[in-house]
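The numbering used here puts the first residue of the sequence shown at 1, with every later residue one more than the last.
The next block holds one structure in the form of structure tokens; read it before the comments.
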Amino acid sequence: MIKKIIVMALCAIGFIACKQSEKIAPEELIRQYYTMLDTSDYDQIPVLLADSLQTKEGDYTMTYSHEGYQELVKWDAVFEPSYKVLDIAPLENGMYTARVSKIDARIQFLHEKPIITDNSIKITDGKITSVHTEYVDFDEETFGNNRTRLLTYINEAYPELNGFLTDQTEAGAQKYLQVLELYKNQPRFDLGKDLLLMHFDCKTDVDDLQAAAGLLTLMSHPNFMHVNYHAVAGTYGIQEGLYVPPNALFQKAFGKNWTDAHNRMEAAAEEVAQKAMTTLQAQGDIWIAEAGQSDFSAKLVKALQSKLPDLETTKRIHIVQHSDWNEEVTTPELLDFAKKNTDYHKIPDGNAVGNGTPGFRTPGHTQWKEQVMDPQLKSIWELAVDLSNKYNGKEGRYLNEAVQQNGVDFSDLSEVCWMLRLEDIKDTEEFFERYAR
1 MIKKIIVMAL CAIGFIACKQ SEKIAPEELI RQYYTMLDTS DYDQIPVLLA DSLQTKEGDY
61 TMTYSHEGYQ ELVKWDAVFE PSYKVLDIAP LENGMYTARV SKIDARIQFL HEKPIITDNS
121 IKITDGKITS VHTEYVDFDE ETFGNNRTRL LTYINEAYPE LNGFLTDQTE AGAQKYLQVL
181 ELYKNQPRFD LGKDLLLMHF DCKTDVDDLQ AAAGLLTLMS HPNFMHVNYH AVAGTYGIQE
241 GLYVPPNALF QKAFGKNWTD AHNRMEAAAE EVAQKAMTTL QAQGDIWIAE AGQSDFSAKL
301 VKALQSKLPD LETTKRIHIV QHSDWNEEVT TPELLDFAKK NTDYHKIPDG NAVGNGTPGF
361 RTPGHTQWKE QVMDPQLKSI WELAVDLSNK YNGKEGRYLN EAVQQNGVDF SDLSEVCWML
421 RLEDIKDTEE FFERYAR
């Protein structure tokens, strides 16, 4: 009898030891938690989470049962999230911190890049009991501006869809996706009514010379040859460095269809305002591609406001910017004015491929010489490239490595492509294949 008891005790000890060995290590538990969110594996909720889970973001605290948290994960799953655990470190009292990057369809629209958070996670008896989130990389201005723009559009165009921001159910997420799709597909540039302005800073990068050649190439295509457009040179901000003289190129490419703002920005703004007024009074809108900073655009808007005091500039004047650096070297108060007084769009950088806009910066690309068939366009590109080589990196000017490597850079044209809904163009090669033959 005693022997049986001893054997049973040993078995019990062995069973407990096995059970304890099956406990998930805290770091692995946290990784599995974010894998569950990444894959929307609802079956893992009772495995990983305590019966009651507390979450906190800022002043907002919620407590979830397993069923309630599953509903939240279902909402999240609709946006097809991608979670990446960047780091995990132990704290005290069963606490751990996890730095996590998250991107999904909602965040891509509102924040335009992944949101990075530090998450304090408490583990009790092998289960997660709380997750407190603090934002590490969060652009409140971009997020807020895009949310306001989205809400304004829906309030005016589809008021029946209001409430999508706060409905954290699966159906609410589907409505949110519908709203994003409607917003993305709203009309942009009206080929028959609107005016396209492209503002070139020409300081100190030579890429504007090639962007001008790209603009003429696009505007010469049968699909766009009736677009009302106008180029402006010398629209620089507060950056240091020498000007890249574009006059010979602009004169050859655009004839009288351009304005020189170099050393005469106020006067040029008045001249362009007169041209813009014709479009505005005919119920067209103004679309500005910022191949540089927004100093000139702000002065143009101010000139239009003085001439047309009833003009709703936030609805009728649209600015498209693709470059962080361009914003950084815009006079701060003028950038703030432009963002608050126009329909300002910040789009992914046209220097990169595969980010949602065309990538038009390509070292070593010389195929354009065979792809550009029209003799006039070819002469424009030849002049643009010759001038680029003449000024690239000279006398302290910016050294454009793509141009230095016998390539091309007309990345600012990505903004015009966005206006015309040509974001599906992948890169330089595809642009010339489509529009240069």
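Cβ coordinates follow ideal geometry from the N, Cα and C atoms, glycine included.
Small disclaimer: the values here were computed from a predicted structure and weren't measured.
- Closest in alpha carbon position to residue 323, among 334, 167, 291 and 83, is 291.
- Between residue 364 and residue 405, the CB-CB gap stays under 8 Å.
- A residue is called buried once 16 or more other Cβ atoms fall within 10 Å of its Cβ, and residue 236 is buried on that count.
- Counted as a single uninterrupted DSSP element, the stretch harbouring residue 385 is not any beta strand (DSSP E) but the alpha helix (DSSP H) occupying residues 375-391.
- Counting only the Cα atoms, residue 87 lies some 14 Å from residue 133.
- Selection 344, 286 and 118 evaluated against residue 229 yields 286 as nearest (Cα-Cα).
- About 19 Å separates the beta carbons of residue 206 and residue 296, which is beyond the 8 Å limit, so they are not a contact pair.
- Counting every other CB atom within 10 Å of its CB across the protein chains shown gives residue 412 a total of 16 or more, marking it as buried.
- Unbroken alpha helix (DSSP H) stretches of 4 residues or longer found wholly inside the stretch 206-279: 207-219 and 247-254, given in chain order.
- Residue 37 places its beta carbon less than 8 Å from that of residue 76.
- Around the beta carbon of residue 325, fewer than 16 other beta carbons sit within 10 angstroms, so the residue counts as exposed.
- If you check the CB distance, residue 317 and residue 357 do not come in under 8 Å.
- A residue is called buried once 16 or more other Cβ atoms fall within 10 Å of its Cβ, and residue 155, having fewer, is exposed.
- Annotation: residue 427 to residue 436 spans about 13 Å, alpha carbon to alpha carbon.
- Per DSSP, the unbroken alpha helix (DSSP H) holding residue 39 starts and ends at 26-39.
- Annotation: residue 107 to residue 57 spans about 16 Å, alpha carbon to alpha carbon.
- Distance from residue 78 to residue 157 at the Cβ level is roughly 22 Å; contact not present, criterion being Cβ atoms closer than 8 Å.
- Relative to residue 382, the option among 137, 39, 249 and 208 whose CA is nearest is 249.
- Of the candidates 247, 430 and 195, 247 places its Cα closest to the Cα of residue 212.
- Judged by DSSP secondary structure, residue 55 falls within the beta strand (DSSP E) whose first and last residues are 49-57.
- An exposed status is given to residue 138, since fewer than 16 other beta-carbon atoms sit within 10 Å of its beta-carbon.
- In the three-state reduction of the DSSP assignment, residue 120 falls in the strand class.
- For the options 150, 385, 91 and 105, the alpha carbon positioned closest to that of residue 122 is the one of 91.
- Inclusion of residue 226 and residue 280 in the CB contact set at 8 Å is not warranted, their separation being larger than that value.
- DSSP places residue 129 in the uninterrupted beta strand (DSSP E) bounded by 127-137.
- Nearest to residue 407 by alpha-carbon distance, out of 369, 425 and 423, is 369.
- Exposed is the label assigned to residue 144, since fewer than 16 other Cβ atoms lie within 10 Å of its Cβ.
- Straight through space, the alpha carbons of residue 304 and residue 312 are spaced by roughly 10 Å.
- When only Cα atoms are considered, residue 234 and residue 269 end up about 11 Å apart.
- Approximately 37 Å separates the beta-carbon atoms of residue 142 and residue 377; this is outside 8 Å, ruling out the contact.
- By the neighbour-count criterion, in which 16 or more other beta carbons inside 10 Å mark a residue as buried, residue 294 falls on the buried side.
- Of the other Cβ atoms in all chains shown, 16 or more fall within 10 Å of the Cβ of residue 299; this residue is therefore buried.
- Look at residue 78 here: in three-state DSSP terms it is helix.
- In the same chain as residue 307, and ignoring 5 residues on each side of it, the C-beta atoms closer than 8 Å to its own belong to 273 and 277, in chain order.
- Of the residues assessed, residue 338 falls on the buried side of the cut-off, its CB having 16 or more other CB atoms within 10 angstroms.
- Residue environment analysis places residue 219 among the buried positions, since at least 16 neighbouring C-beta atoms fall within 10 angstroms of its C-beta.
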